[in-house]
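Trainee: If you want my numbering, it's the 1-based position in the sequence shown plus 2.
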Amino acid sequence: MSSVAAGPSERSAPAERQPGPDARPRSLGRTLLVVILVVLVAALVYALKFMPKAGDSGHDNTGAPAAVPTGSASGQPTSPQPGGSGRAQQSGSAGAPESPQGTEADSGGPAAGYAVRKDPEGFQVAVAKDWERRPVNDAGQVRFLGGDFELVVVPGRDSVKDEGADPMAYQRNKERELKPFRDSTWSSASGLRRIDVGKQAMAEGQFTWQDSSGREVYVRNVAMIIAGRYHIVQVIGPEAQRDKVTEIYEQAVATYRTVK
Numbered sequence: 003m004s005s006v007a008a009g010p011s012e013r014s015a016p017a018e019r020q021p022g023p024d025a026r027p028r029s030l031g032r033t034l035l036v037v038i039l040v041v042l043v044a045a046l047v048y049a050l051k052f053m054p055k056a057g058d059s060g061h062d063n064t065g066a067p068a069a070v071p072t073g074s075a076s077g078q079p080t081s082p083q084p085g086g087s088g089r090a091q092q093s094g095s096a097g098a099p100e101s102p103q104g105t106e107a108d109s110g111g112p113a114a115g116y117a118v119r120k121d122p123e124g125f126q127v128a129v130a131k132d133w134e135r136r137p138v139n140d141a142g143q144v145r146f147l148g149g150d151f152e153l154v155v156v157p158g159r160d161s162v163k164d165e166g167a168d169p170m171a172y173q174r175n176k177e178r179e180l181k182p183f184r185d186s187t188w189s190s191a192s193g194l195r196r197i198d199v200g201k202q203a204m205a206e207g208q209f210t211w212q213d214s215s216g217r218e219v220y221v222r223n224v225a226m227i228i229a230g231r232y233h234i235v236q237v238i239g240p241e242a243q244r245d246k247v248t249e250i251y252e253q254a255v256a257t258y259r260t261v262k
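Here is the structure:
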């Protein structure tokens, strides 16, 4: 009986290798790392593009310029600085003005101790009853004197045609009665403002300076345009008696008008 030789046994194909249990977490970690890098790059780009640059302190968060404080005139004069000119000029509103009339006095008459004087130079004004009037001088000034105080009236010496129609500029740069202020090494100014009443324009201010004797004076001044000419009312007195200077000034301004 023939025997059949046993041939080599058939080997089965190797089984397909399956991924290990730790392969999937490594892939997920790489994905998360890429996402984080993308987010960081996007945040950096946003910061560079939209965040304010260093040195932009003059702007607020909306891009509009930050507000810059501005000063305004006050009723009190600026204190003069020792060793220098001490001059400080301010302009702007300083409360309700005492409105010079220039044509008609509506105050109902002067205060006690004052009387309205009709002057031969073509104006009338309230002056203390015991004050002395000086004749008009070469500068076109009529002066009323009373102790340490003085009222100066200039009834139309300068014309708008020659000096311009801006009473503020006239008062600041051209008015002769304020030349001591402009020339003094000790001076200050406050309450500089323009007042318009109807068609009448005027400018007023408060000043301090040292006069020729070295006395420190306080001065109230108004320059009014009436019929194309500048009319000036000015009161000068001791710097330490500002209230009295203001009283004299208010009486004069409230009653000043031109007369024929």
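Ideal placement from N, C-alpha and C gives every residue a C-beta, glycine not left out.
From which residue to which residue does the alpha helix (DSSP H) around alanine 114 run?
Mentor: Looking at the DSSP string, alanine 114 is not in any alpha helix (DSSP H), and its letter there is neither H nor E.
Trainee: When the distance is taken between beta carbons, is threonine 210 closer than 8 Å to glutamate 249?
Mentor: Not in contact: glutamate 249 and threonine 210 (Cβ atoms no closer than 8 Å).
Trainee: Starting from proline 240, trace the beta strand (DSSP E) in both directions and tell me its first and last residue.
Mentor: Per DSSP, proline 240 belongs to the beta strand (DSSP E) from 231-240.
Trainee: Are the beta-carbon atoms belonging to glutamine 236 and tyrosine 116 less than 8 Å from one another?
Mentor: Not a contact, by the Cβ cut-off of 8 Å.
Trainee: What residue range does the alpha helix (DSSP H) around aspartate 164 cover?
Mentor: 162-165 is the span of the alpha helix (DSSP H), which, as asked, contains aspartate 164.
Trainee: Measure the alpha-carbon distance for alanine 171 versus serine 186 and round it to whole angstroms.
Mentor: Computed Cα separation, rounded: 19 Å.
Trainee: Hey, could you find the ends of the alpha helix (DSSP H) aspartate 245 is sitting in?
Mentor: Aspartate 245 -> alpha helix (DSSP H) spans 244-257.
Trainee: What residue range does the beta strand (DSSP E) around aspartate 198 cover?
Mentor: Element bounds for aspartate 198: 189-199.
Trainee: With a CB to CB cut of under 7 Å and the five nearest residues on each side skipped, what residues in its chain are close to arginine 244?
Mentor: Closer than 7 Å at Cβ, skipping near neighbours: Tyr220.
Trainee: Which partner residues does isoleucine 228 have in the DSSP bridge list?
Mentor: Arg231.
Trainee: Does DSSP classify alanine 141 as helix, strand or coil?
Mentor: Alanine 141: coil per DSSP, three-state reduction.
Trainee: Does any C-beta atom of chain B lie closer than 8 Å to the C-beta of leucine 46?
Mentor: Absence of chain B from the displayed structure is noted, only one protein chain being present.
Trainee: What residue range is occupied by the uninterrupted alpha helix (DSSP H) comprising arginine 184?
Mentor: That run of the alpha helix (DSSP H) goes 181-185.
Trainee: Quick one: give me the first and last residue of the beta strand (DSSP E) that glutamate 126 is part of.
Mentor: Sequence inspection shows glutamine at residue 126; the glutamate mentioned does not correspond to that position. 125-130 is the span of the beta strand (DSSP E), which, as asked, contains glutamine 126.
Trainee: According to DSSP, is valine 261 helix, strand or coil?
Mentor: In this structure, valine 261 counts as coil in the three-state DSSP scheme.
Trainee: Quick check on DSSP: helix, strand or coil for proline 169?
Mentor: Correct three-state label for proline 169: helix.
Trainee: Considering glycine 207, what are the terminal residues of the beta strand (DSSP E) in which it resides?
Mentor: Segment 202-212, the beta strand (DSSP E) holding glycine 207.
Trainee: Between glutamine 126 and serine 189, what straight-line distance do the alpha-carbon atoms span, to the nearest angstrom?
Mentor: So the two alpha carbons sit approximately 31 Å from each other.
Trainee: From Val261, Gln208, Glu177, Lys131, pick the residue whose C-alpha is nearest to that of arginine 234; which is it?
Mentor: The residue you asked about is not arginine; residue 234 is isoleucine in the sequence shown. The shortest Cα separation from isoleucine 234 among Val261, Gln208, Glu177, Lys131 belongs to Glu177.
Trainee: Do you know offhand how far arginine 184's Cα is from asparagine 223's?
Mentor: Those two C-alpha atoms are separated by around 14 Å.
Trainee: Out of Gly193, Arg135, Arg159, point me to the one whose CA is closest to glutamate 152's CA.
Mentor: Per the Cα distances, Arg135.
Trainee: Quick check: what's the CA-CA separation for isoleucine 238 versus lysine 181?
Mentor: In a straight line, the C-alpha of isoleucine 238 is about 14 Å away from that of lysine 181.
Trainee: Does the distance from the C-beta atom of glycine 124 to that of proline 157 stay below 8 Å?
Mentor: Their beta carbons are under 8 Å apart, which means glycine 124 touches proline 157 by this criterion.
Trainee: Just checking my contact of methionine 226 with glutamine 208 at CB under 8 Å: how many whole Å lie between their CB atoms?
Mentor: Not quite, the Cβ-Cβ distance comes to about 16 Å (not below 8 Å), so this is no contact.
Trainee: Around the C-beta of aspartate 160, are 16 or more other C-beta atoms found within 10 angstroms, so that it is buried, or is it exposed?
Mentor: The residue is buried, with at least 16 neighbouring Cβ atoms inside 10 Å.
Trainee: What does the alpha-carbon distance come out to for the pair glutamate 165 and arginine 231?
Mentor: One C-alpha to the other measures close to 9 Å.
Trainee: Starting from arginine 135, trace the beta strand (DSSP E) both ways and give me its first and last residue.
Mentor: Note, arginine 135: beta strand (DSSP E), 134-136.
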